[in-house]
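In this text, residue positions in the sequence shown follow our numbering: the first is 22, and each later residue adds one.
Built from N, CA and C at the ideal position, the CB exists for glycine as well.
Quick caveat: nothing in here was measured; it's all calculated off a predicted structure.
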Amino acid sequence: MISEEYENRIIQEVDQSSIKSQALKDDLIDHFCCLVEIEMKKGASFEASLKKAYVQTAPNGLDEIQQETIFLLNYSKIMIMKRLMYVVGYLFTVTWIAGIAFKLLHLAGASVLLGIGALGLAFIFIPMFLINRYKNFAREVLSERLKWIFGGISFLLLVTSITMKLLHLMGAGIMLGLSFVVFGLGFLPFLFFRMYKKSVDEL
């Protein structure tokens, strides 16, 4: 059994993290106390024992444990939302493509299909996709975050401009130009920069 002084040090370390669940904090404190006690019985100092306990339990920090715990507790909900997101994306994409085909073949209902598909992609799927990605943005570098943001905006503008063009609405050319500008000057630079960084890191 470690001394009360050392136990208070461990409690203080855990309390300084951003972990909100008191139950998780208590489990971590007990776990650290056990690991530290084992190492100290082998002759290690408290500081060395605590450092080793940190490496074994949370090499990337205590906050990562909270994120993993939240993920496991909400795994079922997360999977349902992911399935829903991709099913919605698939249905609206098929609807939009069908609208394009109907328009080219001069079939009735083309405008309705185009409108439903474009609105669904623009205001339902793309926001859902970006929100889902945003949950991981905090752990990603700025260039990775900007890549996804500019990619989503350029895709949104492209879908909107094609739909407007097929429906002979004013401003389609401007929207198409904006989509190319955002894609070329926003998305592509960050895409190739991330590809370059990844290739350098693999050396």
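- Under the 10 Å beta carbon count, residue 63 is surrounded by fewer than 16 other beta carbons and is classified as exposed.
- DSSP places residue 65 outside both helix and strand once states are collapsed to three, so it counts as coil.
- The segment 166-181 makes contact with the segment 207-216: 3 or more CB pairs, one atom from each, lie closer than 8 Å.
- Rounded to the nearest whole angstrom, the C-alpha separation of residue 69 and residue 29 is 16 Å.
- Between residue 203 and residue 171, the C-beta spacing is below 8 Å.
- Apart from sequence neighbours up to five positions away, the residues of its chain that approach residue 60 with a beta-carbon distance below 8 Å are 69, 70, 73, 74, ordered along the chain.
- In the three-state scheme derived from DSSP, where H, G and I count as helix and E and B as strand, residue 124 is classed as helix.
- In the three-state DSSP reduction, residue 52 falls in the helix class (H, G or I).
- About 11 Å separates the beta carbon of residue 102 from that of residue 150, a gap too long to meet the 8 Å contact definition.
- Residue 77 is a Cβ neighbour of residue 56, given a cutoff of 8 Å.
- Around the beta carbon of residue 177, 16 or more other beta carbons lie within 10 angstroms, which makes this residue buried.
- Here residue 183 carries a helix assignment [DSSP, helix/strand/coil].
- Looking from the CA of residue 184, the closest CA among 139, 213, 47 belongs to 139.
- For the 8 Å CB-CB criterion, residue 142 and residue 120 do not form a contact.
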